[in-house]
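Numbering follows full-length UniProt numbering, in which position 35 of the sequence shown is assigned residue number 35; successive positions increment by one, without gaps. Ideal Cβ placement from N, Cα and C applies to all residues, glycine included.
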Amino acid sequence: MIKPSWRSLMIHKVGDHPNHYHNNRVLLHSLIVFLLVLISSFVVLGGTSNNNKAQSNHRRDGKSFNADLEPSYGSWSPLHDSSNDYPVINAYILAHSHCDPGWLETVNFYSKYNVSVILANVIKYLNQDPTKRFVWSESVFLEMWWRNNATQAQRDAFVNLVNKKQIEIVNGGWVMNDEALPTYESMIDQMTQGHQFIKENVGVTPVVVGWQIDPFGASRTFAYLLTQMGFKYHILDRIDERLKHKYTSMKESGTYVIEKRFEFNWCPSKSDPTACIFTHVLDHHYSAPEICFDNGECTGFDFEGDPKVNPPITPQNIDERASLLVSYIKNVTNKSYRTNNFLIPFGNDFRFQRADLMWDNMDKLISYINSNFNRFKINMKYSTLSEYFQSVTSSASIETFPLKTYNNEFGYSDYFPYDTCWGSDHDQFGNCNGYWSGYFTSEPQFKAVIREGERFLRNCEFIYTICQAEMYKVGYYLNKDISQTLKEAEEALQGLRNGLALALHHDAITGTEKRFVLRNYTDIIQNATEIVKNKASTLFDYISLKSSTHIQLNASMGEIYTLDTMNQIYSMALFNSLAWTVQEYVSVLVKSKNTMVFIIDEESGNLLDLESQVVEDVNSNLHLHFRVTLPPVGYSTVFIIQQPKLSNEKEPNSPQIYNNTIIMENNFVSVTFELVNGKLPYVLKSVTNKLTSVSTPLSQQIMQYTSFGDGAYIFRPLGEAVALPFEEAYVDCKFSQGNVVQVLSQRYTNNVTQTFLLYNENEYPDQGLYFDVITSVQTPDNQEQIIRFSMENVQTQLYTDSNGFEMIERPYQPVKFNDTSLYNRISGNYFPLVESSFVRGSNTQLTLFSKQAMGVSSLSNGSIEVMLNRNTLTDDDRGLGENLNVTQAIVIPLRVLIANPNDSNNLRPKIAKLFNHPALKIVSKSIFMPTNVASITRKDIEQAIGDFSSKYIVNQRFVNALPSNVHLLSLQTRRNSSDESSFTVLRFHHIYEKCESPSFSVPAILYPESIFSKYTLSQVAEKTLSLNDLIKNRMNFTRVELAPGKIRTFTLLLWKENQGDNWFSISSFLFGAAGMTVILMAVVVCISVAVSCRRKDYAAMDEINESTRLAQHFERDDYEENTINYSK
């Protein structure tokens, strides 16, 4: 039983009968309880006493699940100085089960054979005992159980237990996402997926507690996003263990225990410094308590684990086991936390499959400890996280806890890279030797699949929303109801949303799963993508229709497409999901150098030749390049025809002569390459900014580290990186200069090639100052390959992005915690790169942009390196039990910008979005051509394209452009499963940080009705970021202000005003006639009323008319002022 002196229980009792407060007896009772609360608070918080100083270095069995800790030995044990211990401690037992949606087995396996058993048993035990509590996190498992395994009675019981607060949903995302590698956009999406499922099926809103206990480090951005989702509290676990514990052999270790920083108020955003979340760090791990002794023996309370280590509670051992647990509680609480409330995780990976073992044994301990309160001075009970945090914040004001901001704290602005301290590592190396910075790059091809899938989903979300908004126009042209098609498309989108959300799981995108599990993740995404392609292609058909004669485009969608048919006119619609006008450089694989590109001029309607260029690379692939202007959230269509090789086209039959120097340049930048000793390959020498006339010496090398014994998680190089040795038999080079692009394509070895591209941009600096580098590698065994760029004689500082949201300064630390080892100096200074990273000097900044997550570092002044691939033959003993054998070719595109820091700050945020959101290619072969293709003339081409353009809209814009500093983050339509109604989610993001750019880090004023001028916006509500809660309902949406770095989220109905066009369809004619009858009858009634009111007071009418006129005058002035502000 729980002792009744618990303060939290008394407070709850006071509020049990709020409607009876008028009764004097109840008032008296309340007063008495209030006094008892004050007395209890004094008893709980007051006084000091000495504590049992039992040393307990908490470690997990290295052989079980995601094991990362081993027993402690001798001086390796954390130290504890107990001088101010609490006389009474409130211990909160947190029953939980950490369930990975894929790791050693697939998500389906875990759901069917583990999670379904856990949930069934938990429900059974909670129903039997109202004092028991349980927390649940991953919505993906809850959805699979809900749909596949649960009976209606079990679903009802689950909801009932949530309502009774015996089960608490924590985190609530689709998965417990990794925090290093996803973009902030994708983390928002996956959290929204989970929260919407919970809201619609369980009725929970909002979720208020974060629960990120297993990701390998903690992100500043994710903590900030939680504040914008309405979260109040947050739980972390995996941070550098040298912060958590004091080790005698490690200088400066143990900061969190010495200063009692295990609970703090985290304000993680530079742009929004008042957005804070109260954060708790688990003192050892999320597993049940485990206590290890100096002799290496361990014992614990994970009753579903090994019974030799975790003995069941019996009458014979209960006093010994209870005393041990009490000693552990007092030791950790007194040394680590600032109140006398202690959270005890009671669970582990996939625990509570044997709920009887877990709860029956803990019941005995709780009863025994509480019944011996005078001896143990501990109150113990089962708890949810909200109950725990309410007790903590009632014991002490949040302002009294340490404050953690966006600034570096002991070199940690966030918690990357994560490091573990194993006794075996210390014995071998004399320090911790386990930086988890390898997974930033592990399985790079899967990281690319995820990002490509996210780009594709975004485009299809936009297309679906536009089609939904214009469904009445579409219905008019097709003379049919497309609502069923839209429903099927939404279901397909939901499948892809779920698949991509699943891939953000902290053992998925990280590349730390079994190979067959990774293939399962890939299959889920690719299968869902194919279904969406089919549905989205049909929707694009609908929105591009121009006449009622419907000939299907049969279009193919995707970033990679090869035009392989001769004398065939391809239509290629390039859909731009960015809300800016974009100059898009497009590359597509073709089969002939004799290729032409056409576009229809919007003003004249004439068919124009588009400048294009076919480039051959060193692998003899042909790439067609051209530039096209794309409207904001819209598309332009180009027409491509390729013909067989011309009769006068000759293949070169003499060796190519290579000049000593190659210069690629446009109006903004010049890039110089040189031969070394007159021999291939060319090497990068310098970049000159023509706007400032500053030339920067710059080199670039592909290099490789040799692995000590790395696996998927850990990066431990044996020494410094060495340059990739060229294989002379394979070295080759092809250089092309044309009217669109300049390309240097080189082969270094049999399986390493690299291509440099500079676009002939002469108008826009944000697209003319950079050049692209595309690298293809196949990595040898036990090697980790990198690209390193180096500027000469420049003092620089590294900055990396935090999930593509804000930039973080990364001071180089050659020594951490008295560790001077070479391998840790390298791996400990590797960080996650999601979209961009740069090294900045006083006058020069070198910025790299990426389309996928990877590791990045700057190990010397002027240098920046990114890791391309890892191929190790060993396992790093972190639980996976499998090597990282990545042997296929990996293709990594990078974008490189060199400019002064001010210009770089102005350009970087927008270039990052442009690079990561290229136009979606929608390709069709449906243009009719003459039978005799051998004699196609220009007239034939014009006639064929003209016939196509009479049926389809070839250029279309759906919104007006946003300011350059505002990104249209979301335009997504979601369906309420309860009533099948739809609503649109609209998010705006100011992409410049506070004080980042004098020109763009200013508040942006948006006028949504002008932005969406083609549509009507209604039922607008502002929501939290994941639609977790309502901020403001039925709001005025005429003006929206956006501060730097801020995201604002709205839900609304979006539809086209001319929806009445559907009345012209035959199927709705009778409905229209009936409606007209009602309208005519209403008109007759109105006329009768008007005639009867002829004796109206005309003076009053004149006064009303004057008021109306003035109101209209001011309304018009407001509109004109808003229009002027928007145009500015």
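- Note that the C-beta distance between Y184 and T227 is not below 9 Å.
- In the three-state scheme derived from DSSP, where H, G and I count as helix and E and B as strand, P814 is classed as coil.
- Restricting attention to alpha helix (DSSP H) runs no shorter than 4 residues, the UniProt domain "Glycoside hydrolase family 38 central" (434-525) encloses them at 444-469, 471-478 and 483-502, ordered along the chain.
- The residue from V886, N905, V159 and A899 with its alpha-carbon nearest to that of S997 is N905.
- With a minimum length of 3 residues, the unbroken runs of beta strand (DSSP E) contained wholly in the segment 176-238 fall at 209-212 and 233-236.
- By the Cβ test, the segment 389-401 is in contact with the segment 330-343, since at least three Cβ pairs between them sit closer than 8 Å.
- Rounded to whole angstroms, the separation of the alpha carbons of H426 and L181 is 29 Å.
- With respect to N751, V773 sits apart: the two C-beta atoms are not nearer than 9 Å.
- Under the three-state reduction of DSSP, M703 is assigned to strand.
- The beta carbon of L1006 sits closer than 6 Å to those of V1040, all from its chain and outside the five residues before and after it, given in chain order.
- The continuous stretches of alpha helix (DSSP H) do not include V1002, and DSSP gives it neither H nor E.
- When secondary structure is reduced to three states using DSSP, F429 falls in the helix class.
- C-alpha of I911 to C-alpha of S837: approximately 12 Å in a straight line.
- For D903, the secondary structure class from DSSP, reduced to helix, strand or coil, is helix.
- Annotation for R242: the continuous alpha helix (DSSP H) segment containing it runs E241 to K244.
- Within 10 angstroms of the beta-carbon of F516 lie fewer than 16 other beta-carbons, which makes it exposed.
- For T393, the enclosing alpha helix (DSSP H) begins and ends at L385 to S395.
- Around the C-beta of P307, fewer than 16 other C-beta atoms lie within 10 Å, and the residue is accordingly described as exposed.
- Here the alpha carbons of H990 and A1043 stand approximately 7 Å from one another.
- S137 sits away from G102, with the two beta carbons spaced by 9 Å or more.
- G841 and I864 have their C-alpha atoms some 12 Å from each other.
- If you look at I599, you'll find it in the beta strand (DSSP E) that goes T595 to I600.
- Each of V170, N201 and N689 was checked against the Cα of E143, and the nearest Cα belongs to N201.
- In this structure, N498 keeps its C-beta atom at 9 Å or more from the C-beta atom of Q613.
- Its Cα nearest to that of P780, the residue L724 stands out among Y224, L724, P765 and L744.
- Under the three-state reduction of DSSP, T538 is assigned to helix.
- 9 Å or more divides the Cβ of N916 from the Cβ of I890.
- The alpha-carbon of V676 is positioned some 25 Å away from that of M867.
- The segment 614-628 and the segment 588-606 touch, with no fewer than 3 CB-CB distances between them shorter than 8 Å.
- With contact defined as three or more Cβ pairs closer than 8 Å, the segment 813-824 and the segment 877-885 are not in contact.
- Contact between N594 and Q526 is absent: CB atoms are separated by about 34 Å, not below the 8 Å threshold.
- Looking from the CA of N459, the closest CA among G946, F1000 and K921 belongs to K921.
- Setting aside the 5 residues that flank it on each side, Q583 is surrounded in the same chain by R627, T629, Y764 and Q767, each with a C-beta closer than 7 Å to its C-beta; the list follows chain order.
- Counting only the Cα atoms, S97 lies some 27 Å from N265.
- For the segment 297-377, the full-length beta strand (DSSP E) segments reaching 3 residues or more read 298-300 and 341-346 along the chain.
- Its Cα nearest to that of K244, the residue T420 stands out among Q193, N379, Q152 and T420.
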